[in-house]
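Student: Take this note's numbering: the final residue in the sequence shown is number 514, and no numbers are missing along the way.
Note that CB positions come from ideal geometry on N, CA and C, so glycine has one too.
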Amino acid sequence: MCLISLLHFVCLVCVIAAPLDWSHHMRAQGAQGTGSKKQQALEARLAKLTPSFSKAVDAVKSIVLDPVPFHHCLIPNFIQSQDFLEGLQKELLNLDFHEKCNDLYKFKQSDDLKKRKEPHISALRKLLFEEFRVWLSDVTQVELKPTIDLSCAKYEYTDTLLCHDDELEGRRIAFILYLVPPWDKSDGGTLDLFSTDEHSQPQQVVKSLVPSWNSLVFFEVSPVSFHQVSEVLSKGKCRLSVSGWFHGPSVTRPPRYTESLLPRNPHIPYDHEILYEWINPVYLDMDSQAQIQEEFEDRSETLLKDFLKVEKFQQVCEALEKEDIKWTSRGPPNKRFYERAEEGSLPDVLRECMELFHSEALFLLLSNFTGLKLHFLASSEDDDEGEEEDSTESAGWSPSDVPMCVGELRRWTNGHYTLVHDTQKAEFALDLLFFCGCEAWDVKYGGFTSYIAKGEDEELLTVQPENNCLALVYKDRETLKFVKHVNHHSLKQTKTNHSRSRFWDFSFVYYE
3 MCLISLLHFV CLVCVIAAPL DWSHHMRAQG AQGTGSKKQQ ALEARLAKLT
53 PSFSKAVDAV KSIVLDPVPF HHCLIPNFIQ SQDFLEGLQK ELLNLDFHEK
103 CNDLYKFKQS DDLKKRKEPH ISALRKLLFE EFRVWLSDVT QVELKPTIDL
153 SCAKYEYTDT LLCHDDELEG RRIAFILYLV PPWDKSDGGT LDLFSTDEHS
203 QPQQVVKSLV PSWNSLVFFE VSPVSFHQVS EVLSKGKCRL SVSGWFHGPS
253 VTRPPRYTES LLPRNPHIPY DHEILYEWIN PVYLDMDSQA QIQEEFEDRS
303 ETLLKDFLKV EKFQQVCEAL EKEDIKWTSR GPPNKRFYER AEEGSLPDVL
353 RECMELFHSE ALFLLLSNFT GLKLHFLASS EDDDEGEEED STESAGWSPS
403 DVPMCVGELR RWTNGHYTLV HDTQKAEFAL DLLFFCGCEA WDVKYGGFTS
453 YIAKGEDEEL LTVQPENNCL ALVYKDRETL KFVKHVNHHS LKQTKTNHSR
503 SRFWDFSFVY YE
């Protein structure tokens, strides 16, 4: 028995006979009146067939083919037999699933289904990579190889897959078959499609496809096929799906767009008085600084609690709640999504706090904390080298040798994150994070900063948001970082702490 329903199979055959040009295909969606000329022509051809075949007209109207924002297709009721679907679902749920969690995603995934022997899984694999692949190759005019790339995924409460384009060597068409209970948009877990700008960078979600039982979605993998699985919000439903890729000849990809970086600046000439005004006196003691430096040189990181004076920290937290601060979203979403304060809109106390982190006095203090050469008065191992080398270095001095920093004030709430990406510049740097408004923040909410080695998923270090704490982390060229997606759990904060389903951080990076 053919697993594709008869009506849809007839429709697909008729579409092939048309044939359908993937680059100029129609959109058929529900009973929408006369539709396009191509749709009318197809219906006319179907009407001339035998009465049983002419019933396929209704079925073809339920198939959605759309080029916006990139080529994709939705086929409802993909498989005819409900008994088969239930058997398939049972076999899939009996598989071993592995937790998948990094900067980009959190969900559970099975092993590769390429060689599974279960009868329903085997039959589905044969259907997809033999019959369906041949049809798809004809429709898209893409030579698709019989390469099997297939797995099963379970998305449950707070699971997500953030914005990406699926591009990998040989991937040409992606597909997803949903085996979900009755599902609504309010359950989350939608397949969100992004528009792109003139640089082929994702902008915003312009279409969301709600999963439904026995529906199959496929789309062309391209430099603009940016999509995501939105966070699952249902606490009782499992978003079960079978997904994979059809492979074919690789296509030439345009050069990756290089975005403009935030500008770096040298220190602002503030003397040590600003430190005594703002910072806990414990950290201004030279013995304390020596102890912190010893720890930092051993671990390349340190966490300084109660860093600001209590009254200053309270003033900062109160100012952060003010509604006249202008917050702008920072993207693109394949790299980051959070809110950044416009410095011109900041109240005086926040502007002064930003100046503290830019100040010459803090550059020197950070040098004392870390042993890094962030100020010309800071001692370093190089100071013990001979005069000849020192004079040579002085002669070769250039503006690029001046310590610099870049920083911003960020707001984090449900849905925000940053991702590791290919265009991150590999260089030595000191990260500074100072947290506000995160009392009772739980690790399960996300929002923590993770440091990983390039090419690895295992975390080297995790920095949790903690009130009035200053985190310092030294990165080498092989270290990358990301902020984990802030998930729906964080909204519980609102019930116990008014409006505190969010937190803020001052994020700075210093360069020797």
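What three-state label does DSSP hand phenylalanine 510 in the structure shown?
Tutor: On the sequence shown, position 508 is the one that residue 510 refers to. Strand, per DSSP.
Student: Distance, Cα to Cα, aspartate 326 vs lysine 314?
Tutor: For the purposes of this step, residue 326 is taken as the residue at position 324 of the sequence shown. For the purposes of this step, residue 314 is taken as the residue at position 312 of the sequence shown. Taking the straight line joining both Cα atoms gives about 20 angstroms.
Student: How big is the Cα-Cα spacing for leucine 421 and valine 445?
Tutor: As a working mapping, residue 421 is identified with position 419 in the sequence shown. As a working mapping, residue 445 is identified with position 443 in the sequence shown. If you take the alpha carbons of leucine 421 and valine 445, they lie about 18 angstroms apart.
Student: Report buried or exposed for lysine 108, applying the criterion of at least 16 other Cβ atoms within 10 angstroms of its Cβ.
Tutor: Mapped onto the sequence shown, residue 108 falls at position 106. Looking at its Cβ environment, which holds 16 or more other Cβ atoms inside 10 Å, lysine 108 is buried.
Student: Mind checking which residues open and close the alpha helix (DSSP H) that includes threonine 372?
Tutor: As a working note, residue 372 is residue 370 in the sequence shown. Its alpha helix (DSSP H) spans residues 362-372.
Student: Kindly list the residues whose CB is nearer than 8 angstroms to the CB of threonine 481, restricted to its own chain and excluding five residues on each side of it in sequence; keep chain order.
Tutor: One-based indexing of the sequence shown puts residue 481 at position 479. If we look at threonine 481 and ignore the five residues flanking it on each side, its Cβ neighbours are Tyr453, Ile454, Ala455, Lys456 and Leu462.
Student: Need the endpoints of the alpha helix (DSSP H) that valine 318 sits in, please.
Tutor: Reading the sequence shown from its first residue, position 316 is the one you call residue 318. Unbroken alpha helix (DSSP H) run through valine 318: 312-322.
Student: Specify, as a first and last residue, the run of the beta strand (DSSP E) that proline 204 falls within.
Tutor: Here the question's residue 204 lines up with position 202 in the sequence shown. That run of the beta strand (DSSP E) goes 204-211.
Student: Rounded to a whole number of angstroms, what is the C-alpha to C-alpha distance between tyrosine 513 and phenylalanine 436?
Tutor: Taking the first residue of the sequence shown as position 1, residue 513 is located at position 511. Taking the first residue of the sequence shown as position 1, residue 436 is located at position 434. Their backbone Cα atoms lie some 18 angstroms apart in a straight line.
Student: Let me check understanding here. Comparing Cα to Cα, which of Ile175, Pro265 and Tyr157 lies closest to valine 408?
Tutor: For the purposes of this step, residue 408 is taken as residue 406 along the sequence shown, with counting starting at 1. Out of Ile175, Pro265 and Tyr157, Pro265 has the C-alpha closest to the C-alpha of valine 408.
Student: Beta carbon of leucine 193, beta carbon of valine 231: below 9 angstroms?
Tutor: As a first step, residue 193 must be located in the sequence shown, where it is residue number 191. As a first step, residue 231 must be located in the sequence shown, where it is residue number 229. Contact: yes.
Student: Between the Cα of tyrosine 419 and those of Pro256, Thr142, Gly333 and Asp308, spot the shortest distance and give me the residue it belongs to.
Tutor: The residue given as residue 419 occupies position 417 in the sequence shown. For tyrosine 419, the nearest C-alpha among the options comes from Gly333.
Student: Any contact between the stretch 141-149 and the stretch 240-258? By contact I mean 3 or more CB pairs, one from each, below 8 angstroms.
Tutor: The stretch 141-149 vs the stretch 240-258: in contact.
Student: Tell me whether threonine 142 is buried or exposed, calling it buried when 16 or more other Cβ atoms sit within 10 Å of its Cβ.
Tutor: Working through the sequence shown from its first residue, we reach residue 142 at position 140. Threonine 142 comes out buried.
Student: Tell whether a beta-carbon distance below 9 angstroms holds between tyrosine 476 and serine 290.
Tutor: Walking along the sequence shown from the start, residue 476 turns up at place 474. Walking along the sequence shown from the start, residue 290 turns up at place 288. For tyrosine 476 and serine 290, no; Cβs fall outside 9 angstroms.
Student: How is leucine 129 classed by DSSP in three states: helix, strand or coil?
Tutor: Here the question's residue 129 lines up with position 127 in the sequence shown. Reduced to three states, the DSSP call for leucine 129 is helix.
Student: Mapping DSSP to helix, strand and coil, what is serine 83?
Tutor: On the sequence shown, position 81 is the one that residue 83 refers to. Of the three classes helix, strand and coil, the one that applies to serine 83 here is coil, per DSSP.
Student: If we count the other Cβ atoms within 10 Å of its Cβ and call it buried at 16 or more, is lysine 307 buried or exposed?
Tutor: The residue you call residue 307 lines up with position 305 of the sequence shown. Lysine 307 comes out exposed.
Student: Could you check where the beta strand (DSSP E) with tyrosine 278 kicks off and where it finishes?
Tutor: Stepping through the sequence shown from its first residue, residue 278 is reached at position 276. Premise fails: tyrosine 278 lies in the alpha helix (DSSP H), 275-280, not in any beta strand (DSSP E).
Student: Counting Cβ pairs closer than 8 angstroms, one from the stretch 200-212 and one from the stretch 116-125, do we hit at least three?
Tutor: Verdict: no, contact absent.
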